[in-house]
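S.K.:
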């Protein structure tokens, strides 16, 4: 899991001007990453990074939909926008790429011009902190960087501390044994992921019992009440 933390930050950072706090976006992104790890089937031939990105974007996008809209749309238009977002996510998973406006319009049975308008509405507003050069060495350049090149703390160090704090906050919502199982299963403490059998031997449990506890822990993290407690911290 630690090897894919960058995916969470990359996706969350794209929505940082959506009206939702970056910490909250990253928190939701980690829950999406856990969901991807839980559901991933390597024999299907899909790269894990591609699969995980979809789940992370779905989790972060859901948070933005629920908390981040600063401009209220007419009810009928908001319903169409939400339907367009859901359809886009389904097509993205099916096609392994972002769907085109024409493909969305065909699925939604709407004019392409209306779909393009809904897409523009769904985009977060432009921010000075929005990355615009992902190919530069180190951290992506932002519009703020192009205006003034100011000294700052090392971005990767800040992100790493932020991510570990969020992971710790998530695990603290779980009973100690379930939290430890997730740490060992996904390599959250030292980067080393253990199999269900290896974890079972350490706890004196069967492989199936470890799987049940892992799934129970993931279900707890998906529970809306757990999210509310985290947001109150």
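Numbering (our numbering), first residue to last: -17 to 215.
Glycine included, each C-beta is placed from N, C-alpha and C at the ideal position.
1. What's the call for residue 196, buried or exposed, on a 16-neighbour Cβ count within 10 Å?
2. Excluding five sequence neighbours on each side, which residues of the same chain lie with their C-beta closer than 7 Å to the C-beta of residue 33?
3. Applying the criterion that 16 or more other CB atoms from any shown protein chain within 10 Å of the CB defines a buried residue, is residue 131 buried or exposed?
4. Taking only three categories from DSSP, how would you classify residue 90?
5. Helix, strand or coil for residue 27, going by three-state DSSP, please let me know.
6. Taking all protein chains shown into account, do 16 or more other C-beta atoms lie within 10 angstroms of the C-beta of residue 77, making it buried, or fewer, making it exposed?
7. Grouping DSSP H, G and I as helix and E and B as strand, with all else coil, what is residue 22?
8. Along the chain, where does the alpha helix (DSSP H) containing residue 80 start, and where does it finish?
9. Specify the secondary structure class of residue 157 as computed by DSSP and reduced to three states.
10. Taking all protein chains shown into account, do 16 or more other C-beta atoms lie within 10 angstroms of the C-beta of residue -5, making it buried, or fewer, making it exposed?
11. Looking at residue 178: is its Cβ nearer than 8 Å to the Cβ of residue 162?
12. Could you say which of 68, 160, 11, 152 lies nearest to residue -13 if we only look at CA atoms?
13. When you compare the CB positions of residue 39 and residue -7, do they come within less than 8 Å of one another, or not?
14. So, at 8 Å on beta carbons, what are the nonlocal neighbours of residue 37 in its own chain, with the 5 sequence-adjacent residues on each side left out?
15. Short check: CB of residue 99 to CB of residue 85, under 8 Å?
16. Please determine, among 42, 93, 94, 152, the residue with the shortest C-alpha to C-alpha distance to residue 7.
17. Measure the C-alpha to C-alpha separation of residue 218 and residue 64 and round it to an integer number of angstroms.
18. Sorted by chain position, which residues of the same chain lie with C-beta nearer than 8 Å to residue 202's C-beta, five sequence neighbours on each side aside?
19. Looking only at its chain, what residues have a beta carbon closer than 8 Å to the beta carbon of residue 152, apart from the 5 residues adjacent to it on each side?
20. Ends of the alpha helix (DSSP H) at residue -8?
21. Specify, as a first and last residue, the run of the alpha helix (DSSP H) that residue 170 falls within.
22. For the alpha helix (DSSP H) containing residue 180, name the first residue and the last one.
23. With burial defined as no fewer than 16 other Cβ atoms inside 10 Å of the residue's Cβ, what is the status of residue 168: buried or exposed?
M.R.: Let me lay it out:
1. buried
2. 18, 22
3. Reliability of the predicted coordinates at residue 131 is poor, the pLDDT of 41 falling under 50, and no value is obtained from them.
4. helix
5. coil
6. exposed
7. coil
8. Unbroken run through residue 80: none, as it is neither H nor E.
9. coil
10. buried
11. no
12. 11
13. yes
14. 14, 15, 17, 18, 21
15. no
16. 42
17. Since the first residue shown for the chain is -17 and the last is 215, residue 218 is missing from the structure and cannot be characterised.
18. 155, 156, 160, 208
19. 9, 12, 13, 203, 212
20. -13 to -4
21. Segment: none, residue 170 is in no alpha helix (DSSP H) and carries neither H nor E.
22. 178 to 185
23. buried
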